[in-house]
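The structure appears right after this line, and notes come after that.
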RNA sequence: GCGAGAGUGGCGGAAUUGGCAUACGCGCCAGAUUUAGGAUCUGGUCCCGCAAGGGGCGGGGGUUCGAAUCCCCCCUCUCGCACCA
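Numbering (the working numbering), first residue to last: 1 to 878.
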């Protein structure tokens, strides 16, 4: 906890009266105690089954935000819950400490990224302790430390040896503001994932990991993950991988004979091809046009098409545009010659960069054909046929093939596989599977990342740095200025002897994408201080895979795909014996809060809203304090730009870590959006206070720990016991089935309410059992609070050594249940009966009920259903 | 456009998976207590109605003795992908 926060905390508790719960003191006490007890230090020697709980590690930005709070609170609660369930829990924490903010700060302030990062790490580590999150800090990693990135570089060399790290020239995404290239996965809505700057396409020579080679396996791995990962994440990855089946068909340029293969998912429409479209960047265009009579006419139009970046193409409402090249292609299925166009809707990055255009059966092609007056030839016909002149859109449904050579008259869907076999037999094409997934661009033109361990020698070419020379350490003699990679300014770094011939050579100055660092950090945690290898196989075998991974869904197609790919490669390298690193994944919801939008001043903080009426947690109909314009309230994700941030330290100082934790988990299931409200956290705080005074007042009337519960309890005490044991049953299910801690808290509240209503008449031993059960169930959520009362109850060991309560089935069994009686679906009465009462007895009792008799007067019973132990349902007529 | 998820009081949300709709909490109302506070305690709080009673889970239809839950159609919101050949 920060110094400022701590002082505010003691101030807050200082205002409470003597009997009040002094959370600052108590929370510090238990945080220190857990350290002494080494509660979170997990060792391989422990005989209990292992449970690896992992939260996505943070970038050390300098201060925790509410996104971290929900993520790490959930992780800590799960870790403590599993501990109570008897597992040897490993819950590590570390730092994704390479990356641009540190470098940008260096450019701005002159502070070296290393110093900046270390300071942030120290501060955030302390904040985490103050929040009550327990980690095995012996396993801490920071990806910017040479003893970590040394192995990141080592893995790069392994990938390089296997031909999976390659340097190639390709059109890559360039972010001007970040002055670096970005991977496909890091482009969102045509902009940079980090800063939002519009991304440009640039041809550059870059390092890639050949992730596309793993497309099929990444997809196949989903079978193992189904049910264990959120469906939404698997769906997003499936879309991202974008598998499609079809064929490659061997078209040729009519005039020159140049091959121009196309990928299509609709080989059944080959006979309807009326033109071909290629991407404006397609290399064949320059080859064909150079020196041709069409060059003068086509090149300017082509330049115009190329000038529009892919991203803008996406956004520009997609007006189809293109230019006829003057050339033609031969359709191999029927030898027809059709015109070759360059079109803006054809993407160089997908398939072969060429599209066979079938306007009758593809909406895009249809629009393009209509715009440029190209012919439309239907070859797949519905039963009623197609009136070519009346067509207003492409016909994309199944039908019967027409004018399609040997396949005329056949149903297109059924014919598809035979068409592909025919293409192969005739040498006119072949079956093919195409993926949208591209190779992972991992070069970054920035300083603060792991240097790519490659040296360029004029004599020997590209030479990998030998393993014994790792790590390639980031130099200190760099100038942090805008424009250009600071790493290139370091002479001591760039100049290096060629490892092969010893002559002067140049080092690669690109560093690796930070997603490379995060693709194996979960492995390093298993053996964090290993100096001779990234990890030992024994440690990995002990801890991996991660049993429960917890993080934000925004990484569905970034970190979570990269880490899976990376692990598969390590598997193929023989370094690990599993392919999927994360057995279970849970994605917590975003933390949202009301934000205010002024038409003139844009987003404004709540204290700049004047007038209006408080409606729940929002101010409706207020005006802006600055410009008097009306202000709109909106529930939205907590962010700096929307000025609705909440400072976790301030909340911990004001209400205590336990209240923050309780609030985060008691309001909604954790995978849903979490609404932050000051009233809500205050409610959580009061819940703690209420239980505190109830519990501390009751301690005096309790027998010592382990006291026997008398056999001859009266009805009231039996009820309290019954509810206690029913609580255990229902809560365990709610947690196991999706971390529904909110219902666990609700059930505990119910029991507390029941206890309070009976408190003067409850036997001391029953009271102890009830309170200890509640404490053990709540202890993962409010650990400091639970420990403190547990201790005051005379318990010597930590509550986390006490184990999860076990329900006593006999005590939980109901003696009498209220059986509802429905008449035509409406509740008409109840009868009390033992839970195992026979159907006939229930029927008799129901019909004898006075309200039921009244409702049945003058009517005929058509049907009578008795579900023993549940209800009686009567259908009547008349 | 495609894909995924969601829609229940003033609000966050429960509902043993087809069986008493609105648990628990917030807020609100009334009262108690109190050298006044974001404290505590008691009671009330889905809607209409004085009542008996009736109506209610985004809308409409269906299956069923019985539907928030299953099926069909529609509407709204959120997220992801988006000219993918």
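Idealized CB from N, CA, C, for every residue including glycine. Computed from a predicted model, the values in this text were never measured in an experiment.
Range of the contiguous alpha helix (DSSP H) that encloses residue i
i           : result
residue 25  : 23-37
residue 730 : 715-736
residue 893 : What is shown of the chain runs 1 to 878, which leaves residue 893 out entirely.
residue 863 : That residue, residue 863, is in no alpha helix (DSSP H); its beta strand (DSSP E) goes 860-867.
residue 562 : 559-572
residue 363 : 363-372
residue 106 : 100-109
residue 356 : Not the alpha helix (DSSP H): residue 356 falls in the beta strand (DSSP E), residues 354-357.
residue 642 : Residue 642 -> no alpha helix (DSSP H), and no H or E assigned at all.
DSSP three-state assignment for residue i, whether helix, strand or coil
i           : result
residue 14  : Here residue 14 scores only 34 on pLDDT, less than 50, and its place in the model should not be relied on; the value that follows carries that caveat. Reduced to three states, the DSSP call for residue 14 is helix.
residue 471 : coil
residue 444 : strand
residue 316 : Because residue 316 sits at a pLDDT of 47, beneath the cut-off of 50, its placement in the model cannot be relied upon, and the point is left open.
residue 680 : helix
residue 462 : strand
residue 634 : strand
residue 817 : strand
residue 884 : Outside the shown range of the chain (1 to 878) lies residue 884, about which nothing can therefore be said.
residue 392 : coil
residue 490 : coil
residue 709 : coil
residue 263 : strand
residue 476 : coil
residue 511 : strand
residue 790 : helix
residue 20  : coil
Nearest neighbour of residue i, chosen from the options [CA to CA]
i           : options            : result
residue 63  : 646, 497, 444, 104 : 646
residue 864 : 858, 857, 872      : 872
residue 70  : 27, 128, 110, 98   : 128
residue 477 : 491, 216, 425, 232 : 491
residue 26  : 518, 683, 788, 521 : 788
residue 389 : 377, 397, 321      : 377
residue 305 : 338, 347, 22       : 347
residue 550 : 23, 60, 68         : 68
residue 48  : 85, 679, 35, 29    : 85
residue 285 : 174, 269, 303      : 303
residue 419 : 339, 344, 474, 332 : 332
residue 809 : 816, 798, 724, 853 : 724
residue 400 : 77, 412, 391       : 412
residue 438 : 561, 499, 324      : 561
One or two residues paired with residue i in a DSSP bridge
i           : result
residue 822 : 827, 873
residue 205 : 169
residue 348 : Residue 348 is not bridged to any residue.
residue 328 : 339
residue 543 : Residue 543 pairs with nothing; no bridge assigned.
residue 191 : 188, 198
residue 455 : 463, 507
residue 881 : As shown, the chain starts at 1 and ends at 878. That puts residue 881 outside it, with no answer to give.
residue 247 : 264, 431
residue 90  : 52
residue 411 : 400
residue 322 : 343
residue 253 : 329
Run of the beta strand (DSSP E) containing residue i, from where it starts to where it stops
i           : result
residue 586 : 585-587
residue 53  : 50-55
residue 755 : Premise fails: residue 755 lies in the alpha helix (DSSP H), 741-758, not in any beta strand (DSSP E).
residue 548 : 548-551
residue 603 : 602-604
Is the region 765-779 touching the region 666-686, taking contact as three or more C-beta pairs under 8 Å?
-> no
Three-pair Cβ contact test at 8 Å for the region 778-790 versus the region 661-668 = Verdict: yes, contact present.
Do three or more CB pairs link the region 581-597 to the region 631-650 at distances below 8 Å?
-> yes
Using 8 Å as the Cβ pair cut-off and three pairs as the minimum, do the region 196-212 and the region 156-168 touch?
-> yes
With contact counted as at least three CB pairs below 8 Å, one residue from each stretch, are the region 748-755 and the region 50-60 in contact?
-> No: the two stretches stay apart, fewer than three of their Cβ pairs being nearer than 8 Å.
Check whether the region 73-84 touches the region 21-35, taking contact to mean three or more Cβ pairs, one atom from each stretch, closer than 8 Å.
-> no
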